[in-house]
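Colleague: Protein chains in written order, with our numbering: chain A, -19 to 188; chain B, 635 to 1199.
No residue lacks a Cβ here, since even glycine has one placed at the ideal position from N, Cα and C.
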Amino acid sequence: MPERPTTRPRPTPGNTATPLAQRGPAARPAPPAQHPSSDNRFKLIDRTLKRFQYQQDALIEVLHTAQEAFGFLADDLLLYIARQLKLPPSWVYGVATFYHFFSLKPQGEHSCIVCMGTACYVKQAAEILAALCKAHGIEAGQTTPDRRLSVNTARCLGSCGLAPVLVLDGETVGRATPHSALAQVQTLLATVKTEAAAMPQPITESEL
Amino acid sequence: MTSAELATLAQREREKQQTFRCRLLCCASTPCLSSGGIGVQKELEAGIKEHALDATVAVIATGCMGPCSRGPVVTVQEQGQPDVIYEAVTPELAERILTKHVLQGQPLHAQTLPAEMPFLAKQQKIVLANSGLIDPERIEEYVARAGYQALDKALQEMTPEEVCDTIVRSGLRGRGGAGYPTGLKWNLVRKAVGDKKYVVANGDEGDPGAYMDRALMESDPHRVLEGMAIAGYAVGADQGFVYVRGEYPIAAQRLEKAIRAAERRGLLGSRILDSNFNFRIDVRIGAGAFVCGEETALMQSIMGRRGQPVTRPPYPAQSGLWGKPTLINNVETYGNIAPIVAQGAEWFAAIGTAQSKGTKIFALAGKVANTGLIEVPMGITLREIVFDIGGGIPNGLTFKAAQTGGPSGGCIPATYLDTLMDYESLKTLGSIMGSGGLIVMDDQSCMVDVAKFFMEFCADESCGKCVPCRAGTVQMHRILERVTNGSATLADLETLRDLCALVRDTSLCGLGQSAPNPVLSTLHYFFDEYEAHIQERRCPAGICTFNEVPVWELAERLRQPVAAS
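1) For D1022(B), which residues from the same chain have a beta carbon less than 7 Å from its beta carbon, with the 5 sequence-adjacent residues on both sides left out?
2) Does the region 919 to 928 of chain B come close enough to the region 777 to 797 of chain B to have 3 or more Cβ pairs within less than 8 Å?
3) Would A6(A) be called buried (16 or more neighbouring beta carbons within 10 Å of its own) or exposed?
4) Out of A120(A), P144(A) and P125(A), which one is the CA nearest neighbour of P158(A)?
5) Between G903(B) and A896(B), is the Cβ-Cβ spacing less than 9 Å?
6) So, do the region 959 to 975 of chain B and the region 855 to 875 of chain B have three or more beta carbon pairs nearer to each other than 8 Å?
7) Examine the Cβ distances between the region 802 to 813 of chain B and the region 974 to 981 of chain B and report whether three or more of them are shorter than 8 Å.
8) Against chain A, which members of the region 995 to 1027 of chain B pass a CB distance test of less than 7 Å?
9) With a Cβ-Cβ cutoff of 9 Å, do N964(B) and S1042(B) count as a contact?
10) Taking only three categories from DSSP, how would you classify Q1037(B)?
11) Who does N836(B) pair with in a DSSP beta bridge?
12) Have a look at N169(A) and S83(A) and give me their C-alpha separation to the nearest angstrom.
13) Are the C-beta atoms of A763(B) and some chain A residue less than 9 Å apart?
14) Exposed or buried, L1124(B), counting other C-beta atoms within 10 Å across all chains shown (16 or more means buried)?
15) Name the DSSP bridge partner or partners of P1011(B)?
16) From the DSSP output, which residues share a beta bridge with D916(B)?
17) Mind pulling the chain A residues with CB within less than 9 Å of E881(B)?
18) What's the C-alpha gap between Q1078(B) and L818(B)?
19) Quick one: which chain B residues come within Cβ less than 7 Å of Q36(A)?
20) Counting Cβ pairs closer than 8 Å, one from the region 709 to 728 of chain B and one from the region 668 to 675 of chain B, do we hit at least three?
21) Please report the residue range of the alpha helix (DSSP H) in which H743(B) lies.
22) Could you name the residues of chain B that H44(A) contacts, counting a contact when the two beta carbons are closer than 9 Å?
23) So, I864(B) versus I768(B), is the Cβ gap smaller than 9 Å?
24) Whole-angstrom Cβ separation of M851(B) and L889(B), contact assumed at under 8 Å?
25) Considering only residues of the same chain and omitting the five flanking positions on each side of R3(A), which have a CB-CB separation below 8 Å?
26) For I1066(B), does the three-state DSSP call read helix, strand or coil?
27) Output the distance between the C-alpha atoms of L1072(B) and K114(A), rounded to the nearest integer angstrom.
28) Is any beta-carbon of chain B found at less than 9 Å from that of I40(A)?
29) For the region 1066 to 1086 of chain B, which residues have a beta carbon sitting closer than 8 Å to at least one beta carbon of chain A?
30) So does the region 1083 to 1096 of chain B actually touch the region 1181 to 1194 of chain B, counting three or more Cβ pairs closer than 8 Å?
31) Rounded to whole angstroms, what is the Cα-Cα separation between G870(B) and L129(A)?
32) Mind listing the chain B neighbours of G74(A)? Cutoff is C-beta to C-beta under 8 Å, in chain order.
33) For G843(B), which residues in the same chain have their Cβ closer than 7 Å to its Cβ, ignoring the five residues on either side in sequence?
34) Need the endpoints of the beta strand (DSSP E) that C1045(B) sits in, please.
35) Where does T1118(B) fall in DSSP's three states?
36) Check whether the region 1001 to 1016 of chain B and the region 812 to 832 of chain B touch, using three or more Cβ-Cβ pairs below 8 Å as the test.
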């Protein structure tokens, strides 16, 4: 069967309604080959920028990539994105703070997310959260002072059949109790992330 | 790809499936994966290698099969035999399934779900027909189950007007909550003037306790894409967007993969199925804002802005994405399109009630024995869902209420268990169909606490654009907080009612307009609980602790001599 070539990547339509008009190939300086900080993670951002052809509408996608690469959105990172997309910094900051997904503060080495959806709530997820917060001396949404653990809440992880649900470092754990949750977080804290695993993989030239 | 090539592809895949004596379907959706589904699948694959069964037995990772609380679920599909579903499969059990059932033909009945079990028998699967039976990452399996035939039929035999007319006659209504007739919306966009039009699938399923859209996107992504392509043809759009919630990474990956596969086969992209119709679909990932489930906020988010709703009119059908006419429907609505086009409007209109046609997927959760995803015809009673399909309330407790529609819905008390589940009946009860979350509560749930939970949710998720919602939800939450800590008076309940009416009538978007629903419905059906909290300082469910006193009593106490306290 003849297979057609796909046309990706391709531009997404509709630049007309963007907040700042006036862009074009001539107006845009070439992205730096190497970021001044010589941080290769910026190349990941540049790759997403290129994929969306520096469209201002792609701001949320770029922020997603930045957060994946850096773990959180620092001020200079937001400024970098604002400059690349030719958006006012206030616009980028406004979007980054609007969505719960984007974190402007560094997160802990390990993360524990407690689902607070209705199904988990009626099965006493609040008790689990209270137990975790009490044991580690922090509030929901905070990181321990030694940056080892972040405790967050989620609105619903869509695993209501297993309620109450926790996500420990990206792994979903169902049917939790305050007791089991504390024990699992302790095991999690006992495992030391290696430096290599904590950092994003270095990018090879072929990927770029 | 031409129609003939599509048929050949389907035929070839069906023949390939016939070569396997037995197919082992392992559920690979989020709940089953988190209860150990990967280990089971690996064990089965290793076992097949070990017994040299590669040629006759296949292991397939499928989407959701429904009984999520009983996961990981494995279905054994033998030729000439009814399907056998195993629940709570462990790697050890997987090994035994292979040696006993597959090799010796002796099903292990102790671990199977009986086919006549109401959870399975009472369902009618239209949208989820393929879910749990096909590998969502292989387009061939979807095509083998008559996939993309409806798109082919629409493109070759029907005009856009005829497609819209079919949807109108089918009586399909939006599955996202409000229940607006889908066909009318399609006709509005079709008739709208514009050089460019867009089709958007709303997969931002923010209601806590609802995960139908996630299951559909994860289990059968091509069904959604086909529905969108038919919609694109019907309204004259050439670009589609699927907006997926940020919490659903697997759904986004599978959709991306499905789009690439369909484009490679010429089922999406340019000159689809050798016609003059071009249609592209892009995935947009949300970033955790409940308000983005509202259509105008969702479109703002697709355009990379803060997801704040804008005033309507103009409606998206006139001026949506980048000011162009935009058709926006829920993912589940698109899931209904292909069967309607393939089997006809009359077939679909025969299912359900007079006003609500077809089936609805519910995510059954909370204090009920069988939780999971169910697809039932509209007009089934709540009692059938909770006590037959759901298997009743565990631990010998009694049913107290069912919450539908998430933070926009209400609580249905036990006296209305025989209500028909359709748009109108639920609305009369002060609840809404919503996206389909159905949370069952027993007498250990405090209804005031539940109302407070939803109000906290709405206050937190309010985007802050309009005052009634931004300030009103916070004030309502404070009153509910006072009720649950013992410092409220009966006058507070009057204020609460007034605020509910104010927020409902003056908010900008659906979030604010429906935020008072949980409070209003609990005030209506469970007023005695509010009274018990305030007058008797007693929580009937034993959830709330009363460590505060009303302000006027506080003054009274201060006047008392210190020695007395």
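Modeller: So, from the data block:
1) Reading the second sequence from its first residue, position 388 is the one you call residue 1022(B). Result list for D1022(B): P752 and K756, in chain order.
2) Using a C-beta cut-off of 8 Å, the region 919 to 928 of chain B makes no contact with the region 777 to 797 of chain B, since fewer than three inter-stretch Cβ pairs fall below that distance.
3) Counted from its first residue, the first sequence places residue 6(A) at position 26. Since pLDDT at A6(A) reaches only 45, below the 50 mark, its modelled position is unreliable, and the value read off the structure follows with that caveat. The residue in question, A6(A), is exposed, as its Cβ has fewer than 16 Cβ neighbours within 10 Å.
4) For the purposes of this step, residue 158(A) is taken as residue 178 along the first sequence, with counting starting at 1. For P158(A), the closest C-alpha among the options A120(A), P144(A) and P125(A) is that of P144(A).
5) For the purposes of this step, residue 903(B) is taken as the residue at position 269 of the second sequence. For the purposes of this step, residue 896(B) is taken as the residue at position 262 of the second sequence. In this structure, A896(B) lies closer than 9 Å to G903(B) by Cβ.
6) Contact between the region 959 to 975 of chain B and the region 855 to 875 of chain B is present: three or more C-beta pairs spanning the two stretches fall below 8 Å.
7) Contact annotation: the region 802 to 813 of chain B touches the region 974 to 981 of chain B, with at least three C-beta pairs closer than 8 Å.
8) Those would be A997, A999, G1000, K1001, T1005 and G1006, in chain order.
9) Working through the second sequence from its first residue, we reach residue 964(B) at position 330. Working through the second sequence from its first residue, we reach residue 1042(B) at position 408. Their beta carbons are not under 9 Å apart, which means N964(B) does not touch S1042(B) by this criterion.
10) Sequence index remark: in the second sequence, residue 1037(B) carries index 403 (1-based). In this structure, Q1037(B) counts as strand in the three-state DSSP scheme.
11) On the second sequence, residue 836(B) is found 202 positions in, with the first residue counted as 1. As computed with DSSP, N836(B) is found in a beta bridge with Y877(B) and N964(B).
12) Position 189 of the first sequence, counting from 1, holds the residue named residue 169(A). Position 103 of the first sequence, counting from 1, holds the residue named residue 83(A). According to the sequence displayed, residue 169(A) carries Leu and not Asn. Roughly 22 Å between the two C-alpha positions.
13) For the purposes of this step, residue 763(B) is identified with residue 129 of the second sequence, where counting begins at 1. So no, A763(B) is outside the interface.
14) Against the second sequence, residue 1124(B) aligns to sequence position 490. Within a 10 Å sphere around the beta-carbon of L1124(B) sit fewer than 16 other beta-carbons, which makes this residue exposed.
15) What you label residue 1011(B) is simply residue 377 of the second sequence in a count that begins at 1. DSSP, once it has assigned bridges, lists T993(B) as partnering P1011(B).
16) Locating residue 916(B) in the second sequence gives position 282, counting from the first residue. DSSP lists F875(B) as the beta-bridge partner residues of D916(B).
17) As a working mapping, residue 881(B) is identified with position 247 in the second sequence. Correct list: F81, A134, R135, C136, L137 and G138.
18) For this step, residue 1078(B) is matched to residue 444 along the second sequence. For this step, residue 818(B) is matched to residue 184 along the second sequence. In this model, Q1078(B) and L818(B) are separated by some 44 Å (Cα to Cα).
19) Position 56 of the first sequence, counted from the first residue, corresponds to residue 36(A). At a beta-carbon threshold of 7 Å, the residues of chain B lying near Q36(A) are G938, ordered along the chain.
20) As far as the Cβ criterion goes, the region 709 to 728 of chain B touches the region 668 to 675 of chain B, which means the pair count is three or higher.
21) Start at 1 with the first residue of the second sequence, and residue 743(B) comes out as number 109. For H743(B), no alpha helix (DSSP H) encloses it, and the DSSP letter there is neither H nor E.
22) For the purposes of this step, residue 44(A) is identified with residue 64 of the first sequence, where counting begins at 1. Contacts between H44(A) and chain B, judged by CB atoms closer than 9 Å, involve G880, I919 and A921 in chain order.
23) Translated into the one-based positions of the second sequence, residue 864(B) becomes position 230. Translated into the one-based positions of the second sequence, residue 768(B) becomes position 134. Going by C-beta atoms, I864(B) is not nearer than 9 Å to I768(B).
24) Locating residue 851(B) in the second sequence gives position 217, where the first residue counts as 1. Locating residue 889(B) in the second sequence gives position 255, where the first residue counts as 1. With 8 Å as the limit, M851(B) and L889(B) qualify as a contact, their Cβ atoms being about 6 Å apart.
25) Within the first sequence, residue 3(A) is the residue found at index 23, counting from 1. The pLDDT assigned to R3(A) is 44, lower than 50, so where the model puts this residue is not dependable, and the model offers no usable value.
26) Start at 1 with the first residue of the second sequence, and residue 1066(B) comes out as number 432. Note: I1066(B) maps to coil in three-state DSSP.
27) In the second sequence, counting from the first residue as 1, residue 1072(B) sits at position 438. In the first sequence, counting from the first residue as 1, residue 114(A) sits at position 134. Rounded to whole angstroms, L1072(B) and K114(A) show a C-alpha spacing of 32 Å.
28) Counting from one through the first sequence, the residue named residue 40(A) turns up at place 60. For I40(A), the answer is yes, since a Cβ of chain B falls inside 9 Å of its Cβ.
29) Under the 8 Å Cβ criterion, the region 1066 to 1086 of chain B contributes G1071, I1073, M1075, S1079 and V1084.
30) Touching, no, given that fewer than three Cβ pairs across the two stretches are closer than 8 Å.
31) What you label residue 870(B) is simply residue 236 of the second sequence in a count that begins at 1. What you label residue 129(A) is simply residue 149 of the first sequence in a count that begins at 1. Each residue's alpha carbon lies about 51 Å from the other.
32) Translated into positions along the first sequence, residue 74(A) becomes position 94. Neighbours of G74(A) in chain B, taken as residues at a C-beta separation under 8 Å, are given in chain order as R940.
33) Within the second sequence, the letter at position 209 stands for residue 843(B). Closer than 7 Å at Cβ, skipping near neighbours: A997, A999, G1040, G1071 and I1073.
34) For the purposes of this step, residue 1045(B) is identified with residue 411 of the second sequence, where counting begins at 1. From DSSP, the beta strand (DSSP E) with C1045(B) extends over G1044 to P1047.
35) Sequence index remark: in the second sequence, residue 1118(B) carries index 484 (1-based). Helix at T1118(B).
36) Look at the beta carbons and you see the region 1001 to 1016 of chain B not touching the region 812 to 832 of chain B: under three pairs across the two are nearer than 8 Å.
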